[in-house]
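Note sheet for the following structure.
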Amino acid sequence: MKLEGAYDPKLFESRIYEEWTDSGYFNPDNLPGLRKENYIVYMPLPNVTGSLHMGHTLDNTFQDIVIRYHRMRGYKTLWLPGTDHAGIATQYVVEKQLKKEGINRFELGREKFIERVWEWKKEYGGIILSQLQKLGCSADWSRTRFTMDPEYASDVQNIFIEYYKKGLLYRGFRTVNWCTRCGTSLSELELEHKEEETKLWYIKYSDEIVVATTRPETMLGDTAIAVNPNDERFRRLVGKTVVVPIVNREIPIVADVMIDMNFGTGAVKVTPAHDSVDFEIGERHKLPMIQVIDAYGKMTKEAGSKHEGKKARDVREEIVKELEELKLITRIEPYTHNVAICYRCNTTIEPIPSAQWFLKMKSLASNAMEAVRSKAVIIHPERFEKPYFDWLSNIRDWTVSRQIWWGHRLPVYFCETEKQKLAGNQQQEQFVVAKEKPKECPFCKKCEMEQSPDVLDTWFSSALWPFAGMSESDKKNYYPGNTLITARDILNLWVARMIYSGLEFKEEVPFKDVLIHGTIMTKDGKRMSKSLGTGIDPLKYIEQYGADVTRFAVVWQATGQDIRWDETAVVGGKKFLNKLWNAAKYVASNRQLATSNQQSEEKIPKGNTEVDKKIIDEINKLKKSVTEDIEKFEFSKALHDMYEFFWHSFCDEYIEVAKLQIQDEKQKEETQKILMYILSESLIMLHPFIPFITEVLWREGVKSKTPLIIEQWSH
RNA sequence: GGGCGAUUAGCUCAGCUGGUUAGAGCGUUACAUUGACAUUGUAAAGGUCACAGGUUCGAGUCCUGUAUCGCCCACCA
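The first sequence begins at -3 in the working numbering and counts up by one.
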């Protein structure tokens, strides 16, 4: 194509991307030259349900910058893309689709339902990746993985089995966070919190024991009263018993450090089955568990025939009324507190006891902390180390099993005979952890064993992203990687888990640098959210202004703090790229034929005049600082500096003087060389940031035979 | 309840280890221009750097406190 007219990305962006794809340079195995060192970036996997939003745009532009930069520096660069099956999220989407058709997943059945999800994935699962291609991302698409690929699934199962063999994975019957709508357990990181106005009811258990509670209905499952061991008021009562009103059950009074003497009355009712703190107190004091609420949020038989089958929420009122009649409510206070809700459907979480699989976190967490403490992994900026350490040092065992259908089914097989015999007591089942279903049940020798219906927490499989599902040779040649770039919200959810998984199974941290960048918010500082209608669609910018302008606008603003999205940065980008386009057009029109010869000995012109020397000196300094900035992940600063140099020093000052110098035959050739030199160097430096326009100008203006994508950063 | 971040021109933001008239993009004003570029050039207006103390020869930059906004984390029932 000819360099003419104004800058119009529509004329070349898609064509250039195709050429890059055809060249194979996104794949490290195809890169020319002697490349000894790897440089690997792991793409934070977008959910298959996702479509490109501003967060992805920033995230992936940053990743593309480091990848393109290192490719030009002569590394074997590999950017590993893929998508996450996103268990609950995807299941939820397909369930909604079914709902429109008037059926639910249970009517469809597990197998049919999963087929439906796969169909959905086939149709929509690739959208986000093609949008990333529009953005110009130079990931190695030939290595695209999906966390439910057969190879990936196989690795996930192997890891599960390995954990089990190491004794780090166990089956337990414990009080877990339960979403009654999704019908599954959730880890604490999958919870959100919302403020709720409620009441604090003071209930009299005896003359000396009054407890304050927000959930009177759970008293039906009380198995103790707890007080702080240092609380003088109750010291003499510890070890004695008290009777639970209404149910008339005698329960002990125990002392536990968990109890805050200053809250309420200082005495707490303990319901191990329906509160995770109470569960722990129960374990310490060997208290029985009485489950009065079931998996649907309804009262169980244990709650008494009067309440059985009713919604827990309704029973609350009834209990209060009953207690009032017995004159056992001594006080009611208005009270505001946070309740946990399901991150996916916002349903209030109901802690209930349930048989689940748990990963022991103590050693894994301490390995992950050591990795950062020893600087094997460096978190940038440093302040994000604190939330990382805080979470890991207070960690509890991870509930990894989920009661949904879409996901990695556990490689666990139950004895059906035992199960029948022990119906109703889930703590005593018999099972085998194995990759394949055993031919013969080792327990009863006669039953057809059945695979556990549970699937794994999605994050269990994404924690293995740096190696799972890769070919054997890739596993060997492309681990560990170098850099992970992401937003702060998945630091613990994902990053920490990749670090200890890598250490556990590959004996090495998966990456050295973790860059946590700011979050893009609306101009008035609100979170961008599709459901709130506050989201801004980057595809709109890509469509209207091109990918380069979009990337420019994002990087321009991404200084490290959270970003209040400002449209004017897009305008600035558009103007700058137009400036770049026109300057290149001018320089190309003044091409000095002798210098188009790439063999030219003299790569760096010396210059005759003061302005010549000044501009050469300036760009050489700029090259150095941009290089350093990229190494330090200071992308925005690098872009601002290049902008300043190119527009004001080069275009406004040098080119204007050059026009005069070219009139002088003695200076003409050197001036033209300098123009071309500055343009070339500028294109090289700008390429990681705005790859399309620079590639086009490189070919059409500089007339280089080497594509810019693999041009050397410095000679 | 704890932690972190922010508070600098009309808007969105830079300003590293404290040092001459505090910078950028966008916007605004005046003039210029068909010569790479009107998605332009030149020039200009616009800030008591949230507030109060302190350290210092000197503070937007360090310390203490206050206020406002935002974000995380939390087992005060």
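Ideal Cβ positions, reconstructed from N, Cα and C, are used throughout, including at glycine. Small disclaimer: the values here were computed from a predicted structure and weren't measured.
Query, Result
"Nonlocal neighbours in the same chain, by C-beta distance under 7 Å from GLN595, ignoring five residues either side", "Low confidence applies to GLN595: its pLDDT is 45, below 50, so where it sits in the model is not reliable enough to give any reading."
"LYS6 - DSSP class collapsed to helix/strand/coil", "helix"
"C-beta atoms of ASP136 and ASN34 nearer than 9 Å", "no"
"Span of the alpha helix (DSSP H), counted from its first residue to its last, around ILE123", "123 to 130"
"Sequence-distant residues of its chain with Cβ nearer than 6 Å to ASP290 (five each side left out)", "THR296"
"Cβ neighbour criterion (16 or more within 10 Å) applied to HIS333", "exposed"
"Span separating the alpha-carbon of ILE680 from that of ILE686", "10 Å"
"Range covered by the beta strand (DSSP E) that runs through VAL335", "325 to 338"
"Segment limits, alpha helix (DSSP H) that includes SER676", "661 to 682"
"Neighbourhood of PRO684 by C-beta, 6 Å cutoff - its chain only, sequence neighbours within 5 removed", "ILE61, ARG64, TYR65"
"Cα-Cα separation between ASN488 and LYS130, rounded to whole angstroms", "30 Å"
"Proximity to ALA444 [Cα-Cα], best of THR454, ASP450, GLY179, PHE427", "Looking at the sequence shown, residue 444 is not Ala but Glu. The option with the nearest alpha carbon to GLU444 is PHE427."
"Among PRO40, GLY132, VAL90, GLY83, nearest to GLU14 - alpha-carbon criterion", "GLY132"
"Nearest-angstrom Cα separation, counted from MET50 out to VAL89", "21 Å"
"Contained beta strand (DSSP E) runs [length at least 3] in the stretch 206 to 253, N- to C-terminal order", "206 to 209, 220 to 223, 237 to 240, 245 to 251"
"Inter-residue Cα distance where the pair is GLN553 and ILE516", "9 Å"
"Length-filtered (3 minimum) beta strand (DSSP E) runs lying within the stretch 175 to 202", "180 to 182, 187 to 200"
"Of the listed residues ARG177, LYS236, TRP116, nearest to GLU346 (C-alpha basis)", "ARG177"
"Proximity below 9 Å, CB of TRP577 to CB of GLN87", "no"
"Through-space distance from TYR541 to VAL583, alpha-carbon basis", "24 Å"
"Selection from ALA565, LEU671, VAL550 that minimises the alpha carbon distance to SER585", "LEU671"
"Selected residue, minimal CA-CA separation from ASN478, among ILE221, PRO377, VAL510", "VAL510"
"Three-state secondary structure assigned by DSSP to TRP387", "helix"
"Cβ pair VAL223, VAL238 closer than 9 Å", "no"
"Secondary structure of GLY78, DSSP reduced to three states", "strand"
"C-alpha distance - GLU597 paired with SER700, whole-angstrom precision", "At GLU597 the pLDDT is 46, less than 50, meaning the model places this residue with poor confidence and gives no usable figure here."
"Three or more C-beta pairs below 8 Å linking the stretch 139 to 157 and the stretch 320 to 335", "no"
"Where GLU691 falls, given that 16 or more other Cβ within 10 Å makes a residue buried", "buried"
"Helix, strand or coil at HIS303 according to DSSP, with G and I counted as helix", "coil"
"DSSP-derived helix/strand/coil call for PHE354", "strand"
"Inter-residue Cα distance where the pair is GLN352 and GLY98", "32 Å"
"CB-CB length for GLY83 against ARG398, believed under 8 Å", "6 Å"
"Given 8 Å, three or more beta-carbon pairs between the stretch 656 to 669 and the stretch 603 to 613", "yes"
"beta-carbon HIS66 near the ligand GDP non-hydrogen atom, thresh 8 Å", "You won't find the ligand GDP in this model; it holds no ligand whatsoever."
"Coarse secondary structure for LYS519, derived from DSSP in three states", "coil"
"Length of the line joining the Cα atoms of PRO5 and ALA543", "8 Å"
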